[in-house]
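Beneath this line is the structure, given in structure tokens, with notes to follow.
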Amino acid sequence: MQVARVNDGDTVTLADGRRVRFIGLDTPEMNYGSGRPEPLAVQARDAVTALLGPSRSLLLQYGREREDRHGRLLAHPYLADGRSLTAQLLERGLAPALVYPPNLWNLDCYQAAERRARTARRGVWALAPFRPRPVGEYRGRSGHYGVVEGEVTAIARNRGGVWLTLDGHATLQVAPEAQPHFDGCRFEALVGRAVRARGRLTRRGEHWRMRLRHPAQLEAAAGDGGSQAQCPLPAAAGS
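When you line the sequence shown up against UniProt numbering, it's residues 1 to 239, in that order.
What follows is the structure in structure tokens.
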């Protein structure tokens, strides 16, 4: 496929006019027409341009869900030499990995690339909004990516799914459609555990809410010593 325009670090426009949203990452926003670019947004866009090179050629493997609600194609992008463009950007720390079922193919590769960047504190992982914060101290922007830590103090269940309360300051929602991905997890066993959650945080008054679509968004916080037999949680990678 020929790329006509690099819109930002995770979206391109093809020569035939179709837009492609890359699966597996969420680069900082350029905020065209509505404000200044977010930190590292320009660098992510320029990295895509540089990696494409003069040929502007891209190979696409479409996702299980092929189109998003904005009409963009959803695909895993590959460079002409076979390298994963998504993995290249994650390795450089130009975005956090984005887990969005049902497009979970190659997740292990993307998580490994992101983990290396997180451990080295490259790119976004050196910025304050991407550093883990106790949930009671979180001051990020509503609707943006954040990483919060806290003790699971309560579990509730209703038609909206499973709700995990962190220190009384945030609620993590596992909606019914996401629960098959958490198969084998006894949520009640997490009460009293210190966890780290990552994803988009929405503010509701003085309370924060995050939707968990996949277990990759939840891990044991540094220093948590609870048993992982009831609900396996990966250890935190870097900070």
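For every residue, glycine included, the Cβ atom is placed at its ideal position computed from N, Cα and C.
Residue i versus residue j - alpha carbon distance
i	j	result
L79	Y62	14 Å
A229	A170	For A229, the pLDDT reaches just 36, beneath the cut-off of 50, and the residue's location in the model is therefore unreliable, leaving the point undetermined.
G9	H207	31 Å
S119	P102	Before going further, note that residue 119 is Thr rather than Ser in the sequence given. Taking the straight line from one Cα to the other gives about 27 Å.
H214	F182	7 Å
H70	E29	16 Å
L59	H76	8 Å
R66	L74	5 Å
S55	R204	47 Å
N106	G192	33 Å
P180	W163	15 Å
C185	A178	12 Å
R133	W125	13 Å
S227	V174	Here the model assigns S227 a pLDDT of 43, short of 50, so the residue's position is not dependable and the matter cannot be decided.
G146	F130	6 Å
R139	V3	38 Å
G17	S142	32 Å
D68	L104	15 Å
R200	L51	28 Å
Residue burial classification, residue i (beta-carbon count within 10 angstroms, cutoff 16)
i	result
Q217	buried
H144	exposed
T165	buried
T153	exposed
R36	exposed
A128	exposed
R196	buried
A194	buried
R5	exposed
Of the listed residues the options, nearest to residue i (C-alpha basis)
i	options	result
V48	Y32, T13, G35	T13
A221	A75, R139, E151	E151
L212	P176, R66, G71	P176
M210	R193, G192, R139, V148	V148
G33	V20, N7, P54, L51	N7
L172	Y100, R198, R56	R198
D167	A50, G136, E188, Y100	G136
T11	R64, L89, P39	L89
L190	E219, A178, G53	E219
R121	R92, R139, R141, Y110	R92
G123	P39, V3, M1, G17	P39
V20	R131, R72, M1	R72
S57	A15, N31, L51, M1	M1
R64	R196, A50, Y100	Y100
Boundaries of the alpha helix (DSSP H) in which residue i is found, first to last residue
i	result
V152	Element bounds for V152: not the alpha helix (DSSP H) but the beta strand (DSSP E), 144–158.
V162	First-last for V162: 161–166, but that is the beta strand (DSSP E), not the alpha helix (DSSP H).
Y110	107–120
R45	41–52
Span of the beta strand (DSSP E), counted from its first residue to its last, around residue i
i	result
Q179	No beta strand (DSSP E) contains Q179, which DSSP labels as neither H nor E.
Y62	59–67
R83	Segment: none, R83 is in no beta strand (DSSP E) and carries neither H nor E.
A197	194–204
R8	This sequence places Asp at residue 8; Arg is not what is there. Residues 3–8.
T13	11–14
L94	L94 -> no beta strand (DSSP E), and no H or E assigned at all.
R19	19–22
Minimum Cβ-Cβ distance from residue i to chain D less than 9 Å
i	result
E137	In summary, chain D is missing from the structure at hand, where a single protein chain is found.
Exercise for review: Please determine if the region 83–91 and the region 24–34 are in contact, where contact requires at least 3 C-beta pairs separated by less than 8 Å.
Suggested key: yes
Check your understanding: Would you call the region 35–44 and the region 96–110 touching, i.e. three or more CB-CB distances under 8 Å?
Key -> no
Review point. How about the region 107–121 and the region 157–164: do they share at least three Cβ pairs that are nearer than 8 Å?
Key: no
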